[in-house]
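Asks: There's a structure below that I have some questions on.
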Amino acid sequence: MKKPGLDLADAGSYRTISNLSLLSKLLERLVVRQLLVISSSADLLPPLQSGFRPGHSTETAVLRVLSDILLSVDLGDFAALVLSDLSAAFDTVDYDISLKRLETSFGVTGTALNWFQTYHSGRT
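Next up, the structure:
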């Protein structure tokens, strides 16, 4: 289930199951590693992004937010925290924008870009 409380009879309430072969899964991991190396070496990820970075996690993100709030309070400044539920954020990804970002920011072109394009074509 994507979220507790969704309609059990609605197929849209469930996450898709990956039916990729072992070779495809290995290829995915290699591509992710290569993109992480490229993005790290070219400083393409925001410095405070915790997701998809080695040595970062939800705990490091929470610690950073808590540290910023405490620092503001210690300095006598106003601090506010606004939270947003992004548990289904991946469902809102625009693949055309993602492909354009891969091309312009990450330098993915040609066969590699076509691979990403076919990987997402016809999927919902």
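For what it's worth, our numbering labels the leading residue of the sequence shown as 1, then goes sequentially. A virtual CB, placed ideally from N, CA and C, is assigned to each residue, including glycine.
With 16 other CB atoms within 10 Å as the buried threshold, where does residue 82 fall?
Replies: In the sequence shown, counting from the first residue as 1, residue 82 sits at position 82. Under this definition residue 82 is an exposed residue.
Asks: For the alpha helix (DSSP H) containing residue 110, name the first residue and the last one.
Replies: Position 110 of the sequence shown, counting from 1, holds the residue named residue 110. Note, residue 110: alpha helix (DSSP H), 110 to 120.
Asks: Kindly indicate which three-state DSSP category residue 63 falls into: helix, strand or coil?
Replies: Residue 63 sits at position 63 when you count from the first residue of the sequence shown. Residue 63 falls in the helix class under three-state DSSP.
Asks: Contact check, residue 102 vs residue 108 under 8 Å by CB: the rounded distance?
Replies: In the sequence shown, the residue the question calls residue 102 occupies position 102. In the sequence shown, the residue the question calls residue 108 occupies position 108. The pair is a contact, with the Cβ atoms about 4 Å apart (cut-off 8 Å).
Asks: Do residue 72 and residue 79 come within 7 Å of each other at the CB atom, strictly closer than that value?
Replies: Translated into the one-based positions of the sequence shown, residue 79 becomes position 79. Translated into the one-based positions of the sequence shown, residue 72 becomes position 72. Cβ distance < 7 Å, so residue 79 and residue 72 count as in contact.
Asks: Which residues bound the alpha helix (DSSP H) around residue 98?
Replies: Looking up residue 98 in the sequence shown gives position 98. Counting along the chain, the alpha helix (DSSP H) containing residue 98 begins and ends at 95 to 104.
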